[in-house]
Amino acid sequence: RKEVEQDPGPFNVPEGATVAFNCTYSNSASQSFFWYRQDCRKEPKLLMSVYSSGNEDGRFTAQLNRASQYISLLIRDSKLSDSATYLCVVNDGNTDKLIFGTGTRLQVFP
Amino acid sequence: EPEVTQTPSHQVTQMGQEVILRCVPISNHLYFYWYRQILGQKVEFLVSFYNNEISEKSEIFDDQFSVERPDGSNFTLKIRSTKLEDSAMYFCASSARSPVNEQFFGPGTRLTVL
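First to last, the protein sequences are chains A and B.
Numbering follows the numbering used here, in which position 22 of the first sequence is assigned residue number 14; successive positions increment by one, without gaps.
Numbers in the numbering used here are just positions in the second sequence, counted from 1, shifted up by 162.
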């Protein structure tokens, strides 16, 4: 099983749509969970940390299910500027090392 | 907003040459990292650094690699004898680590080994 697994997409959605991304991770000892976004040939940018209780930041909602080792990201009211690759990231057990998924590509069209 | 900076943005070198990639982490951060991303692949951890020593390194980070914090602001990655397969984007990241280890990435250095 891959350490962090994501559907590579692409997800092609119209502006205003709601889109959800899922991710699973293999290390049950992971403590920190994040969604980053990465534009083509740019650095990963932190979108949000993910907490057990779930958290929301504007149009973005993240959920964590530790029992299933599953993380999700919901984007509401998609904008053209949301087009990017969304990276699911977890830390490796009790270390600082971040393990990245391969990313899910989102393309929002007018 | 404070950010991580990296220089150069692009480095072209011949196989076997030494390269030094430079990073200036966010000023109040204490934890520093290097990652790399080969074109079309995922981001991979190389090394973490805290209190002037390596805290963890991956199997990629072999004897050809070293890191240093030569002064109060810079954090460098040296590759002693570059190989073709070292061609990648190298990202520096830093973290305040408290309360959550949110790591902030620099814009990267694209290393091309010919």
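Heads up, the beta-carbon is just placed ideally off N, CA and C, and yes, glycines get one too.
It should be emphasised that the depicted structure is a prediction, and the values quoted were computed from it without experimental measurement.
Span of the beta strand (DSSP E), counted from its first residue to its last, around residue i
i	result
Arg29 (chain A)	Phe25 to Gln30
Arg184 (chain B)	Val181 to Val186
Glu(-3) (chain A)	Val(-4) to Gln(-2)
Glu35 (chain A)	That residue, Glu35 (chain A), is in no beta strand (DSSP E); it is neither H nor E in DSSP.
Ser22 (chain A)	From DSSP, Ser22 (chain A) is part of no beta strand (DSSP E); its letter is neither H nor E.
Asn4 (chain A)	Phe3 to Pro6
Asn47 (chain A)	Asn47 to Asp49
Cβ pair residue i, residue j closer than 8 Å
i	j	result
Phe211 (chain B)	Phe194 (chain B)	yes
Val262 (chain B)	Ser24 (chain A)	yes
Glu7 (chain A)	Leu72 (chain A)	yes
Leu38 (chain A)	Phe52 (chain A)	no
Asn19 (chain A)	Glu(-5) (chain A)	yes
Phe92 (chain A)	Val205 (chain B)	yes
Thr238 (chain B)	Ile182 (chain B)	yes
Any chain A beta carbon closer than 8 Å to residue i
i	result
Val205 (chain B)	yes
Asn263 (chain B)	yes
Phe268 (chain B)	The sequence given here has Gly at residue 268 (chain B), not Phe. Yes - at least one Cβ of chain A is within 8 Å of the one on Gly268 (chain B).
Ser171 (chain B)	no
Ser235 (chain B)	no
Ser189 (chain B)	no
Tyr252 (chain B)	no
Contact with chain C by residue i, beta-carbon distance below 8 Å
i	result
Ser24 (chain A)	This model lacks chain C altogether, as its protein chains are A and B.
Nonlocal neighbours in the same chain, by C-beta distance under 6 Å from residue i, ignoring five residues either side
i	result
Pro2 (chain A)	Arg97 and Gln99
Gln55 (chain A)	Gly46 and Ser64
Arg242 (chain B)	Glu180 and Gln226
Tyr62 (chain A)	Thr16
Asn4 (chain A)	Gln99
Cut-off 8 Å between Cβ atoms - residues of its own chain near residue i, not counting five sequence neighbours on either side
i	result
Asn236 (chain B)	Arg184, Cys185 and Val186
Own chain, CB closer than 7 Å to residue i, minus 5 neighbours either side, in chain order
i	result
Leu246 (chain B)	Met177 and Val275
Asp74 (chain A)	Ile67, Leu98 and Val100
Thr94 (chain A)	Gln(-2) and Pro0
Asn190 (chain B)	Ala258
CB contact below 8 Å: residue i versus chain B
i	result
Lys71 (chain A)	no
Pro36 (chain A)	yes
Thr77 (chain A)	no
Asp88 (chain A)	yes
Inter-residue CB distance, residue i and residue j (contact presumed, cutoff 8 Å)
i	j	result
Thr167 (chain B)	Gly268 (chain B)	6 Å
Gln203 (chain B)	Leu90 (chain A)	Actually they are not in contact, since the Cβ atoms of Gln203 (chain B) and Leu90 (chain A) sit about 15 Å apart, beyond 8 Å.
Val81 (chain A)	Tyr28 (chain A)	6 Å
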